[in-house]
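Just so we're on the same page, our numbering is the position in the sequence shown counted from 1, plus 1. Take a look at the structure below.
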Amino acid sequence: MKYYLPVVWLCLALTACAPKAVVHTTQVMQPLKAYEGFLVVKETEEFTDTAQELGDIHIKDNVGLSLICDYETVLELATTQARQMGANVLRIYEHRAPSLYGSSCHRIRAKALRVADITPYEKEVLWHPARRLRQADFKGSIEERPFQAATSSSLRYRAANNLLQGTVQFTIDTYFDCQQSYFKPSPNNARTLAHEQLHFDITEIYARRFAKLLQEQLTNTQELERQQEGLYRQLMVECQLLQDKYDSEVYADHNKLPGWQLKIEQELTAMQPYSAKQFTLKRKL
């Protein structure tokens, strides 16, 4: 199995006022759990699956006070609202781009929908102890692939500003890329799946270590911009070495898998204080 770890960097967007969400609920359901899959259907895309309509979401300019309302920010706000409604699909039916003589914000209207099975639509899986990898998560082509399976996992981080305190809170996500991961069916499916899950778990360990490292060594966003690349590369080299060691040992002797599972479980437990993968820095331009 080959392990992929693409680099994901952060571009700081220091916001002042967020756009406004107007929500009309037509059906009440339990909020979506943090690890449950979610699909965004853009206004130019088709979506024909049978779905329950839970409500309508309108993201608009906050009375001219929204300084940062780029498309990604607006989409994240709409997604958060939809998940709170219990929806697992956000179908955008109107998107109004910023204009020179109108609003400087992206504005969208969307339907919050719920489908019975989101798995066929998932493009990524966020790491969560209650959400283990399934064979259906591996959606990459298996043609001319050298290994029984391959896991593509990485990490990214996002920022949330607290203007009153002058700080920025960062949250790190560990994610599995469904389209770049593949799985060849065999009589040993269960063992192969357990092997791949451990690769994902190793990535989670280093995401927690990254959160710990940034929290201990940085004090403001200026330092983050200056030092993030070096710190990230240092940690990812260590991560890849462990991934390779794991592969080589277990490929040589499958009986070593339980020992590795115990080792990784212990590492995750040791890093439990950083399982939220969050850290706060002072905002400094």
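Here a beta-carbon is modelled for each residue, glycine too, at the ideal position from N, C-alpha and C.
Coil, strand or helix - residue i by DSSP
{"i": "S276", "result": "coil"}
{"i": "K185", "result": "coil"}
{"i": "L258", "result": "helix"}
{"i": "A161", "result": "strand"}
{"i": "E54", "result": "strand"}
{"i": "T81", "result": "helix"}
{"i": "A137", "result": "helix"}
{"i": "H107", "result": "coil"}
{"i": "L232", "result": "helix"}
{"i": "A88", "result": "coil"}
{"i": "K283", "result": "strand"}
{"i": "I173", "result": "strand"}
{"i": "Y94", "result": "strand"}
{"i": "E73", "result": "helix"}
{"i": "T168", "result": "strand"}
{"i": "S249", "result": "helix"}
{"i": "V238", "result": "helix"}
{"i": "T204", "result": "helix"}
{"i": "T45", "result": "coil"}
{"i": "T152", "result": "strand"}
Option in the options with minimal Cα separation from residue i
{"i": "L194", "options": "H255, E145, R234 and L156", "result": "H255"}
{"i": "V116", "options": "Q53, K124 and E145", "result": "Q53"}
{"i": "Q241", "options": "D202, L263 and Q279", "result": "D202"}
{"i": "A151", "options": "D248, E44 and K43", "result": "D248"}
{"i": "T168", "options": "N221, Y102 and Y36", "result": "N221"}
{"i": "I206", "options": "K246, A191 and E266", "result": "E266"}
{"i": "Q218", "options": "A160, P186, R192 and L282", "result": "L282"}
{"i": "D57", "options": "Y72, T80, K213 and P147", "result": "T80"}
{"i": "V29", "options": "T45, A113, E37 and Q149", "result": "A113"}
{"i": "S276", "options": "K213, T45, E125 and G38", "result": "K213"}
{"i": "L269", "options": "R209, Y94 and Q235", "result": "R209"}
{"i": "E95", "options": "Y72, L156 and W261", "result": "Y72"}
{"i": "F280", "options": "M237, N190, N163 and A271", "result": "N163"}
{"i": "Q82", "options": "E145, T49, T45 and F39", "result": "F39"}
{"i": "C179", "options": "L263, F211, I143 and E226", "result": "I143"}
{"i": "I45", "options": "T26, Q170, T51 and R97", "result": "Reading off the sequence, residue 45 comes out as Thr, not Ile. Checking every option, the nearest Cα to that of T45 belongs to R97."}
{"i": "L148", "options": "Y102, H196 and A161", "result": "Strictly speaking, residue 148 in this sequence is Phe, with Leu absent from that position. It is H196."}
{"i": "P99", "options": "M86, L225, L78 and C70", "result": "C70"}
{"i": "H1", "options": "R234, W261 and Y233", "result": "The question about residue 1 has no answer, for the chain in this structure spans 2 to 286."}
{"i": "V23", "options": "A111, A271 and E47", "result": "A111"}
{"i": "M233", "options": "R132, T204, A131 and G103", "result": "For the record, residue 233 in the displayed sequence is Tyr; it is not Met. Per the Cα distances, T204."}
{"i": "A160", "options": "E37, Q31 and K278", "result": "K278"}
{"i": "P274", "options": "E250, M237, L243 and Q216", "result": "Q216"}
CB-CB length for residue i against residue j, believed under 8 Å
{"i": "H62", "j": "P121", "result": "Correcting the residue type first, residue 62 is Asp in the shown sequence and not His. Not confirmed; about 35 Å, so no contact."}
{"i": "N89", "j": "I109", "result": "With 8 Å as the limit, N89 and I109 do not qualify as a contact, their Cβ atoms being about 18 Å apart."}
{"i": "I60", "j": "V75", "result": "5 Å"}
{"i": "F184", "j": "Q136", "result": "6 Å"}
{"i": "Y158", "j": "T172", "result": "6 Å"}
{"i": "L134", "j": "Q198", "result": "5 Å"}
{"i": "R84", "j": "L33", "result": "4 Å"}
{"i": "S187", "j": "G141", "result": "16 Å between Cβ atoms; not a contact."}
{"i": "F139", "j": "S154", "result": "Contact flag wrong, Cβ pair sits at about 12 Å."}
{"i": "Q223", "j": "K285", "result": "4 Å"}
{"i": "H129", "j": "A253", "result": "In fact, because the Cβ distance is near 31 Å, the residues do not count as touching under 8 Å."}
{"i": "L156", "j": "F211", "result": "7 Å"}
{"i": "T49", "j": "M86", "result": "22 Å between Cβ atoms; not a contact."}
Residues bridged to residue i (per DSSP)
{"i": "R115", "result": "Q53"}
{"i": "I60", "result": "A22 and I109"}
{"i": "H129", "result": "R132"}
{"i": "N221", "result": "K283"}
{"i": "L40", "result": "V90"}
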